[in-house]
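Asker: If you're matching positions, the first sequence starts at 0 in numbering that gives the first Met the number 0 and goes up one per residue.
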Amino acid sequence: MPELPEVETSRAGIAPHLDGQRIRRLVVRQPRLRWPVPAELAARVEGERILAVERRGKYILIRIATGSMLLHLGMSGSVRILPLGAAPGKHDHVDLELDSGKMLRLTDPRRFGALLWQAQGEQHALLASLGPEPLSDAFDGDYLARCCQGRRSAIKSLIMDSHVVVGVGNIYANEALFLAGIDPRRAAGRISKARLGTLAATIKDVLARAIAQGGTTLRDFVGGDGKPGYFKQQLHVYGRAGEPCDSCGSILKEVRLGQRSTVYCAACQR
DNA sequence: CTAAGGACCTGTCGGC
DNA sequence: TGCCGACAGGTCCTTA
């Protein structure tokens, strides 16, 4: 479900409800997510006050004095703020109950998400190897060109690699490559530095615009405030195979790259 | 080291 | 209506 804009929308939606709240109880009904929810997590966080709700890549970090809970939404995860006592559904795996009388509920049908613990002053291995934030100054054409140097894999696969840059998933990889006019199948190492500069800029642009629109709602994604995202109306290629290109009218093609659906315009993208 | 494929899990949809 | 395969917003891990 979530790429960076959806995770940021979720973070921003839940943060006002969590900031400064004391954690009354952590209820884990299903610990078997991508990795097991640590058995001692409830004991670590209960009674503690939430100091901040942050984000690194697609991880939401709920910070308390002794460390942070790391929340990843995987493919199908979402979070909602609900009143205490709301009856849980089949896929409502975790509730973070607050003194305010509300709770943060994690729902994740496919269970590719994760809830982990990072002690204060330490960095979890999953975060340690992440690339820069796409909206930061550290991510630019020079950096991207260095990553692409000598690489034969498809540029689309490379920009979706979280060790290169975080937050670019299948929707926005397709969109950014369309906007940059680059064929998603092109070998990363065979693209000019100037074009990679354009690509870095379009990645920033498409992500920033999607965040401003509250993300992309495909099925039932809603931010923590319960509102859907409105970016779907602005998608040029994702989910549009067989339809005409917005720019030139050619029929958009679909191929599979790294087992992911890839849609592009053979006329506009080279 | 790189690149490619499998793995994890459930729900939904299209075709027969 | 029922069954079966393909596919879905992620990404780590294994294999070659």
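Built from N, CA and C at the ideal position, the CB exists for glycine as well. Everything numeric in this text was worked out from a predicted model, so none of it was measured.
So residue 23 packs on residue 98, CB below 8 Å; how close in whole Å?
Answerer: The Cβ separation is near 5 Å, so the contact holds.
Asker: Measure the CB-CB distance between residue 231 and residue 251 and report whether it falls below 8 Å.
Answerer: No.
Asker: Quickly, what does DSSP pair residue 67 with across the bridge? List them, please.
Answerer: According to DSSP, residue 67 bridges with 62, 117.
Asker: One question on the structure: do residue 1 and residue 115 come within less than 8 Å of each other, judged by their Cβ atoms?
Answerer: No, these two residues do not count as a Cβ contact at 8 Å.
Asker: Taking Cβ to Cβ, would you say residue 27 is nearer than 8 Å to residue 93?
Answerer: Closer than 8 Å, so yes.
Asker: By DSSP, does residue 109 sit in helix, in strand, or in coil?
Answerer: DSSP places residue 109 in coil when its eight states are reduced to three.
Asker: Can you confirm whether the stretch 42–49 touches the stretch 173–185 when touching is taken to mean that 3 or more C-beta pairs between the two stretches lie within less than 8 Å?
Answerer: Touching, no.
Asker: Starting from the C-beta of residue 265, find all residues in its chain whose C-beta is less than 6 Å away, skip the five residues before and the five after it, and write them out in chain order.
Answerer: Cβ neighbours of residue 265 beyond the five flanking positions: 252.
Asker: Leaving out five residues on either side along the sequence, give the residues of the same chain with a beta carbon under 8 Å from the beta carbon of residue 129.
Answerer: Cβ within range, chain order: 55, 56, 161, 162, 165.
Asker: When burial is assigned at 16 or more other CB atoms within 10 Å of the CB, is residue 137 buried or exposed?
Answerer: With fewer than 16 other Cβ atoms within 10 Å, it is exposed.
Asker: For residue 333 and residue 122, what's the separation of their Cα atoms in angstroms?
Answerer: The structure shown does not extend to residue 333, since the chain is modelled only from 0 through 269, so no value can be given for it.
Asker: Just checking my contact of residue 33 with residue 112 at CB under 8 Å: how many whole Å lie between their CB atoms?
Answerer: About 6 Å; that satisfies the 8 Å criterion.
Asker: By Cβ distance, which residues of its chain are closer than 8 Å to residue 151, with the 5 residues on each side in sequence left out?
Answerer: Here the set comprises 186, 187, 188.
Asker: Give the straight-line distance between the Cα atoms of residue 143 and residue 169, rounded to the nearest whole angstrom.
Answerer: The straight-line gap from Cα to Cα measures roughly 18 Å.
Asker: Residue 145 lies in the alpha helix (DSSP H); which residues open and close that run?
Answerer: Note, residue 145: alpha helix (DSSP H), 140–147.
Asker: Quick one: give me the first and last residue of the alpha helix (DSSP H) that residue 9 is part of.
Answerer: Note, residue 9: alpha helix (DSSP H), 3–17.
Asker: Would residue 49 and residue 19 qualify as a contact pair, given that the criterion is a beta-carbon distance under 8 Å?
Answerer: Contact flag set, yes.
Asker: Which same chain residues end up closer than 7 Å to residue 201 when comparing Cβ atoms and leaving out the 5 residues on each side of it in sequence?
Answerer: So the qualifying residues of the chain are 175, 178, 179.
Asker: Between 236, 249, 212, which has its C-alpha nearest residue 261's C-alpha?
Answerer: Per the Cα distances, 236.
Asker: Check the C-beta distance from residue 258 over to residue 181 and give it rounded, since I have them as a contact under 8 Å.
Answerer: Not quite, the Cβ-Cβ distance comes to about 20 Å (not below 8 Å), so this is no contact.
Asker: At the level of alpha carbons, what is the spacing between residue 11 and residue 51?
Answerer: Answer to the nearest angstrom: the Cα atoms are 11 Å apart.
Asker: Identify every residue that forms a DSSP beta bridge with residue 192.
Answerer: DSSP output for residue 192 lists no bridge partner at all.
Asker: To the nearest angstrom, how far is it from the Cα of residue 240 to the Cα of residue 47?
Answerer: Spanning the two alpha carbons is a distance of roughly 49 Å.
Asker: Using 10 angstroms around the beta-carbon of residue 7, count the other beta-carbons present and answer buried if the total reaches 16, otherwise exposed.
Answerer: Burial call: buried.
Asker: Whose CA, out of 207, 212, 147, 119, lies closest to the CA of residue 193?
Answerer: Taking only the C-alpha atoms, the option nearest residue 193 is 147.
Asker: Could you give the C-beta distance for residue 5 and residue 214, rounded to a whole number, given that I count them as a contact under 8 Å?
Answerer: Confirmed, Cβ separation roughly 4 Å.
Asker: Per DSSP, what are the beta-bridge partners of residue 93 in this structure?
Answerer: Beta-bridge pairing links residue 93 to 27, 105.
Asker: Is residue 65 near residue 119, with beta carbons less than 8 Å apart?
Answerer: It is a contact, given that the beta carbons lie within the stated cut-off.
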